[in-house]
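**Student:**
2 protein chains.
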Amino acid sequence: MSKKKRIRIKDIAADAQVSRGTVDRVLHNRGRVAPDVKAKIDKTIEKLGYSPNIIASTLAKNKEYHIATLLPSPDMDNYWALPQIGIERALKASKDFGIHVDQFFYIMENVNSFKEQADLLIQSNPDAILLSAEFYRESLSFYKKVANLNIPLLSINTHIPTLEKVSYIGQHSYQSGKLAGRIFDIALRNKGDILMLHLGSSVDNAPHIMDKERGLSDYFQTKTNPYNILKEEFEDYANIDRLTTFLYNIFESTKNIAGIFVTNSRSYYLVQALELLGYHDLCIVGFDLLEENCQLLKNGKIDFLINQDPIKQGNLGILNLVDSLLYQRSNLKTLYLPLDIVVAENVDLYMQNEIETFVTL
Amino acid sequence: MSKKKRIRIKDIAADAQVSRGTVDRVLHNRGRVAPDVKAKIDKTIEKLGYSPNIIASTLAKNKEYHIATLLPSPDMDNYWALPQIGIERALKASKDFGIHVDQFFYIMENVNSFKEQADLLIQSNPDAILLSAEFYRESLSFYKKVANLNIPLLSINTHIPTLEKVSYIGQHSYQSGKLAGRIFDIALRNKGDILMLHLGSSVDNAPHIMDKERGLSDYFQTKTNPYNILKEEFEDYANIDRLTTFLYNIFESTKNIAGIFVTNSRSYYLVQALELLGYHDLCIVGFDLLEENCQLLKNGKIDFLINQDPIKQGNLGILNLVDSLLYQRSNLKTLYLPLDIVVAENVDLYMQNEIETFVTL
DNA sequence: TTTTTTTTTGTGCACGAGCACATAAAAAAG
DNA sequence: CTTTTTTATGTGCTCGTGCACAAAAAAAAA
Chain A
1 MSKKKRIRIK DIAADAQVSR GTVDRVLHNR GRVAPDVKAK IDKTIEKLGY SPNIIASTLA
61 KNKEYHIATL LPSPDMDNYW ALPQIGIERA LKASKDFGIH VDQFFYIMEN VNSFKEQADL
121 LIQSNPDAIL LSAEFYRESL SFYKKVANLN IPLLSINTHI PTLEKVSYIG QHSYQSGKLA
181 GRIFDIALRN KGDILMLHLG SSVDNAPHIM DKERGLSDYF QTKTNPYNIL KEEFEDYANI
241 DRLTTFLYNI FESTKNIAGI FVTNSRSYYL VQALELLGYH DLCIVGFDLL EENCQLLKNG
301 KIDFLINQDP IKQGNLGILN LVDSLLYQRS NLKTLYLPLD IVVAENVDLY MQNEIETFVT
361 L
Chain B
1001 MSKKKRIRIK DIAADAQVSR GTVDRVLHNR GRVAPDVKAK IDKTIEKLGY SPNIIASTLA
1061 KNKEYHIATL LPSPDMDNYW ALPQIGIERA LKASKDFGIH VDQFFYIMEN VNSFKEQADL
1121 LIQSNPDAIL LSAEFYRESL SFYKKVANLN IPLLSINTHI PTLEKVSYIG QHSYQSGKLA
1181 GRIFDIALRN KGDILMLHLG SSVDNAPHIM DKERGLSDYF QTKTNPYNIL KEEFEDYANI
1241 DRLTTFLYNI FESTKNIAGI FVTNSRSYYL VQALELLGYH DLCIVGFDLL EENCQLLKNG
1301 KIDFLINQDP IKQGNLGILN LVDSLLYQRS NLKTLYLPLD IVVAENVDLY MQNEIETFVT
1361 L
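Chains as they are written, first to last, in this note's numbering: chain A, 1 to 361; chain B, 1001 to 1361.
Rendered as structure tokens:
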């Protein structure tokens, strides 16, 4: 509760008996300061403990920053509406700092639209980039182009570990597979087989999906495994009839399935098909708190959802970029967000939080 | 991607052909403006869409705010070190806005120190208050004193619903009891009894603990309950020998206990005692990600921890008060944070997030 | 009408930092 | 020992808003 006032440049100048301008040059390493004077000022700064007033600095700089995002369009995939909420919230908090967000959307599962939007993004000449690269190969060439620009780059949702220098905020996909394993282990009690279901296309070009697969397998590798694990992929998931037929065939050949792991946010499609088939006692583990999924969770049709917090991904993604722009420190690093186990009893609390406007500072 | 510039007071003044000062008076309802002029300016504001630049406003106001906190001392109870992390983080983000945090700590389970610190707090004449009132009766009288001050007041961790006007950020205790019920239901599979254990004193003066109790009971009320639920309270929990004896007696009289629900963050004491007694196969559900608890979770000695996110409670608590001070809007409301189910497979992700410095905007 | 009072409107400085430019001091060239 | 060049240091304006005070206009009193 000491009553010390915040130290300003002016205070340092007075203490070191120089002008504000000289202190300013020392602080920003602009040179043009006599060595002995610089030493003296450095000492004073150390002594008084200066930290810049970001408020005043922002106002004085009067600079505008443009953050460009490159994400899948929410129109095609409900999941991608969630990061938007976080981005919006971050923008609200930082628009007074001169931050603008220019959004570029590509069509999920359409490589060309990715390339196209990527080029448009680069043409827009942004000060920082937030992206989720859903295509492994194409994203590599994008990274290469961006590398020369020397601007902060951060990826969410899809971690490409090949490029360590690119920082990432999002789920630890491998670990989420392991977590799913644990959940099945608790819920199934050594009875029945587990079906791992990829509802979507070109899994081989999406490393994060394969990581989940490995995670689940590895979980059971460490113990004497009482479960068989089946892997299936189905592209035309939105066609419920075809999905139903597809599942029917699986159940015909494998009678013992007790749990199904849907490796993305589309478990609500699966449930529709299972309803048609009349399967009610399966343990379903899926991802993400889409409205549809949550409803089924409450009805007991889905047992567990693993939340990868896409809202927070968007929110922290932008805020981190803002931070690195304003403070021009490259603090960007990789951050794995928590994986929340969501059941009927706590889903509302997660949902409320997602709707609730957070503090807009 | 429209290129519209941010509207300033100056722009409104120009458009309405008045001076900045007049616009300022309209914006702040300071009066002293001719009615027709005010109407004109209001229309222009509407037309151009002004929103104040909080950066410039903060700088110009040059005002210092003092937020006082009244929380249990972390020295007595590790749990209370966690909100501190969140408070520290919030302070870092908002100190440039002239925010100061003055902390008052009371000794847990010592009513007098609460009253004493509460008085000191009021004497310090704060601009806003963050508190956790662990004593039901005493907190009521504190609320009464504070009500006259007419300053923002927000409570965390302990919700006193009797006073609806006091906003709250924290766990939904009742729901956390229900969640524990569900967890036992999944893990125990209709076998054995559940011991609900309060490690601490004067539960009758701590409504949030009683809410957890009700939640657990109610969960099983809705279904044909295969479990017996025992309730026990033990005050001298830090004395492992005595705790061990206490538990020994319980197990002697009740042979069928399969799960233990520790209603606060002190499950690591329980595990110490259970080790001495040689019980290894019980399903333990506790609260909060204390270092000690997390270690036991990874070792498999604790099965589940429910995270009430005390860090976020402290963080959002302060940030909300900051928000209401800076924007002088009373946006304070009650927010129930998510209840995270934490197991060995996701605990590290929660811990990493707690250590990791978040964006300091 | 003139003077006084009241109401309305305009202006200038401050907040703290950034940056351009002016001035002063020291070093190099004449 | 000047003059020129280089280096070092100081000053003044800017950002957008808030607020005190000055100035002007209108209304009331003389």
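Even for Gly, the Cβ is constructed at its ideal location relative to N, Cα and C.
Just so it is clear, the structure is predicted and the values come from calculations on it, not from any experiment.
Along chain A, which residues have their Cβ under 8 Å away from the Cβ of residue 1350 of chain B?
**Tutor:** The residue labelled residue 1350 of chain B in the question sits at position 350 within the second sequence. The answer, in chain order, is 338.
**Student:** To be precise: take each residue of the segment 1175-1202 of chain B, compare its Cβ to all Cβ atoms of chain A, and keep it if any distance is under 8 Å. Which residues remain?
**Tutor:** For the segment 1175-1202 of chain B, which is checked against every Cβ of chain A, the residues closer than 8 Å are 1175, 1178, 1179, 1181, 1182, 1186, 1187 and 1189.
**Student:** Suppose contacts are defined by Cβ-Cβ distances below 7 Å. Is residue 1082 of chain B in contact with residue 1311 of chain B by that definition?
**Tutor:** Position 82 of the second sequence, counted from the start, is the residue given in the question as residue 1082 of chain B. Position 311 of the second sequence, counted from the start, is the residue given in the question as residue 1311 of chain B. The answer is yes: Cβ separation under 7 Å.
**Student:** Step through the CB atoms of chain B and report whether any lies within less than 7 Å of the CB of residue 116 of chain A.
**Tutor:** Here the question's residue 116 of chain A lines up with position 116 in the first sequence. No, residue 116 of chain A lies away from the interface with chain B (no Cβ there is under 7 Å from its Cβ).
**Student:** Taking 7 Å as the CB-CB limit, is residue 59 of chain A close to chain B?
**Tutor:** Counting from 1 along the first sequence, the entry for residue 59 of chain A is found at position 59. Judged by the 7 Å Cβ criterion, residue 59 of chain A is in contact with chain B.
**Student:** What residues from the segment 1271-1284 of chain B come within 7 Å of chain A, judged by C-beta to C-beta, listed N to C?
**Tutor:** Hits within the stretch: zero.
**Student:** Hey, quick one: how far does the beta strand (DSSP E) through residue 1342 of chain B stretch, first residue to last?
**Tutor:** Position 342 of the second sequence, counted from the first residue, corresponds to residue 1342 of chain B. First-last of the beta strand (DSSP E) with residue 1342 of chain B: 1340-1342.
**Student:** How about residue 1354 of chain B: is its C-beta nearer than 7 Å to some C-beta of chain A?
**Tutor:** Sequence index remark: in the second sequence, residue 1354 of chain B carries index 354 (1-based). No, its Cβ sits nowhere closer than 7 Å to a Cβ of chain A.
**Student:** As a quick exercise: from B/1075, B/1097, B/1123 and B/1052, pick the residue whose alpha carbon is nearest that of residue 1106 of chain B.
**Tutor:** Here residue 1106 of chain B refers to the residue found at position 106 of the second sequence. For the residues B/1075, B/1097, B/1123 and B/1052, the minimum Cα distance to residue 1106 of chain B belongs to B/1075.
**Student:** Spatial neighbours of residue 335 of chain A within its chain, please: C-beta separation below 6 Å, excluding the five flanking residues on both sides.
**Tutor:** The count along the first sequence starts at 1 and reaches residue 335 of chain A at position 335. The residues are 169.
**Student:** I'd like to know whether the C-beta of residue 240 of chain A is nearer than 7 Å to at least one C-beta of chain B.
**Tutor:** Sequence index remark: in the first sequence, residue 240 of chain A carries index 240 (1-based). False, the Cβ-Cβ gap to chain B never drops below 7 Å.
**Student:** Could you tell me whether any Cβ in chain A is nearer than 7 Å to the Cβ of residue 1055 of chain B?
**Tutor:** Mapped onto the second sequence, residue 1055 of chain B falls at position 55. Yes, its Cβ sits closer than 7 Å to a Cβ of chain A.
**Student:** Evaluate contact between the segment 193-212 of chain A and the segment 265-272 of chain A, counting only Cβ atoms and requiring at least three cross-stretch pairs below 8 Å.
**Tutor:** In short, these stretches touch, since the Cβ pair count reaches three.
**Student:** Starting from residue 1105 of chain B, follow the beta strand (DSSP E) in both directions and report where the run begins and ends.
**Tutor:** Position 105 of the second sequence holds residue 1105 of chain B. Segment 1099-1106, the beta strand (DSSP E) holding residue 1105 of chain B.
**Student:** With H, G and I counted as helix, E and B as strand and the rest as coil, what does DSSP make of residue 1198 of chain B?
**Tutor:** Walking along the second sequence from the start, residue 1198 of chain B turns up at place 198. DSSP places residue 1198 of chain B in strand when its eight states are reduced to three.
**Student:** Output needed for residue 1077 of chain B: all residues of its chain with C-beta closer than 6 Å, excluding positions within five of it in sequence on either side, in chain order.
**Tutor:** Your numbering for residue 1077 of chain B matches position 77 in the second sequence. Result list for residue 1077 of chain B: 1108, in chain order.
**Student:** Judging by CA-CA distance, which residue of B/1086, B/1033, B/1085 and B/1005 is the nearest neighbour of residue 1051 of chain B?
**Tutor:** Residue numbering aside, residue 1051 of chain B sits at position 51 when the second sequence is read from its first letter. Considering only alpha carbons, the answer is B/1005.
**Student:** Quick check on the burial criterion: 16 or more other C-beta atoms within 10 angstroms. Buried or exposed for residue 89 of chain A?
**Tutor:** By 1-based counting over the first sequence, the position of residue 89 of chain A is 89. By the neighbour-count rule (16 or more Cβ atoms within 10 Å), residue 89 of chain A is buried.
**Student:** Where does residue 1265 of chain B sit, in a helix, a strand or coil, going by DSSP?
**Tutor:** One-based indexing of the second sequence puts residue 1265 of chain B at position 265. Three-state result, residue 1265 of chain B: coil.
**Student:** Determine the contact status of residue 59 of chain A and residue 1284 of chain B, defining contact as a CB-CB distance below 7 Å.
**Tutor:** Indexing the first sequence from 1 puts residue 59 of chain A at position 59. Indexing the second sequence from 1 puts residue 1284 of chain B at position 284. No, the Cβ-Cβ distance between residue 59 of chain A and residue 1284 of chain B is not below 7 Å.
**Student:** Residue 71 of chain A and residue 132 of chain A: beta carbons closer than 7 Å?
**Tutor:** For the purposes of this step, residue 71 of chain A is taken as the residue at position 71 of the first sequence. For the purposes of this step, residue 132 of chain A is taken as the residue at position 132 of the first sequence. Yes, the Cβ-Cβ distance between residue 71 of chain A and residue 132 of chain A is below 7 Å.
**Student:** Counting contacts by CB-CB distance shorter than 7 Å, is residue 341 of chain A in contact with chain B?
**Tutor:** Mapped onto the first sequence, residue 341 of chain A falls at position 341. Interface residue, yes.
**Student:** So, at 7 Å on beta carbons, what are the nonlocal neighbours of residue 1296 of chain B in its own chain, with the 5 sequence-adjacent residues on each side left out?
**Tutor:** Within the second sequence, numbered from 1, the residue matching residue 1296 of chain B stands at position 296. Answer for residue 1296 of chain B: 1268, 1271 and 1302, listed in chain order.
**Student:** Within the continuous alpha helix (DSSP H) that includes residue 1298 of chain B, where are the two ends?
**Tutor:** For the purposes of this step, residue 1298 of chain B is taken as the residue at position 298 of the second sequence. Its alpha helix (DSSP H) spans residues 1291-1299.
**Student:** Is residue 69 of chain A helix, strand or coil when you go by DSSP?
**Tutor:** Numbered from its first residue, the first sequence carries residue 69 of chain A at position 69. Three-state DSSP puts residue 69 of chain A in a strand.
**Student:** So, are the CB atoms of residue 151 of chain A and residue 118 of chain A less than 7 Å apart?
**Tutor:** Counting from 1 along the first sequence, the entry for residue 151 of chain A is found at position 151. Counting from 1 along the first sequence, the entry for residue 118 of chain A is found at position 118. Going by C-beta atoms, residue 151 of chain A is not nearer than 7 Å to residue 118 of chain A.
**Student:** Looking only at DSSP bridge pairs, what is residue 285 of chain A linked to?
**Tutor:** For the purposes of this step, residue 285 of chain A is identified with residue 285 of the first sequence, where counting begins at 1. Answer by DSSP bridge pairing, in chain order: A/261 and A/304.
**Student:** Pull up the distance between the alpha-carbon of residue 326 of chain A and that of residue 167 of chain A, whole angstroms please.
**Tutor:** Translated into the one-based positions of the first sequence, residue 326 of chain A becomes position 326. Translated into the one-based positions of the first sequence, residue 167 of chain A becomes position 167. Approximately 18 Å, taken between the alpha carbons.
**Student:** Quick one: does residue 1096 of chain B have its CB under 7 Å from some CB of chain A?
**Tutor:** Walking along the second sequence from the start, residue 1096 of chain B turns up at place 96. At least one chain A Cβ lies under 7 Å of residue 1096 of chain B.
**Student:** Ordered along the chain, which non-local residues of its own chain (more than five positions away) have a Cβ less than 6 Å from that of residue 1184 of chain B?
**Tutor:** Indexing the second sequence from 1 puts residue 1184 of chain B at position 184. Closer than 6 Å at Cβ, skipping near neighbours: 1194 and 1259.
**Student:** If you draw a straight line from the alpha carbon of residue 333 of chain A to that of residue 1248 of chain B, how long is it in whole angstroms?
**Tutor:** Mapped onto the first sequence, residue 333 of chain A falls at position 333. Mapped onto the second sequence, residue 1248 of chain B falls at position 248. Cα to Cα, residue 333 of chain A sits roughly 50 Å from residue 1248 of chain B.
**Student:** Tell me whether residue 1141 of chain B sits in a helix, a strand or coil according to DSSP, three-state version.
**Tutor:** As a position in the second sequence, residue 1141 of chain B is number 141, starting the count at 1. DSSP places residue 1141 of chain B in helix when its eight states are reduced to three.
**Student:** Between residue 1345 of chain B and chain A, is there a C-beta pair that is closer than 7 Å?
**Tutor:** Indexing the second sequence from 1 puts residue 1345 of chain B at position 345. Yes, because at least one Cβ of chain A sits closer than 7 Å to the Cβ of residue 1345 of chain B.
**Student:** Let's test the definition: count the other Cβ atoms within 10 Å of the Cβ of residue 1002 of chain B and tell me whether it reaches 16, buried, or not, exposed.
**Tutor:** For the purposes of this step, residue 1002 of chain B is identified with residue 2 of the second sequence, where counting begins at 1. Low confidence applies here, because residue 1002 of chain B scores a pLDDT of 47, under 50, leaving its location unreliable and the question unanswered by this model.
**Student:** For residue 942 of chain B and residue 159 of chain A, I'd like the C-alpha separation in whole angstroms.
**Tutor:** The first residue shown for chain B is 1001 and the last is 1361, placing residue 942 of chain B beyond what the model contains.
**Student:** Give a yes or no on whether the C-beta atoms belonging to residue 226 of chain A and residue 256 of chain A are separated by under 7 Å.
**Tutor:** Position 226 of the first sequence holds residue 226 of chain A. Position 256 of the first sequence holds residue 256 of chain A. Not a contact, by the Cβ cut-off of 7 Å.
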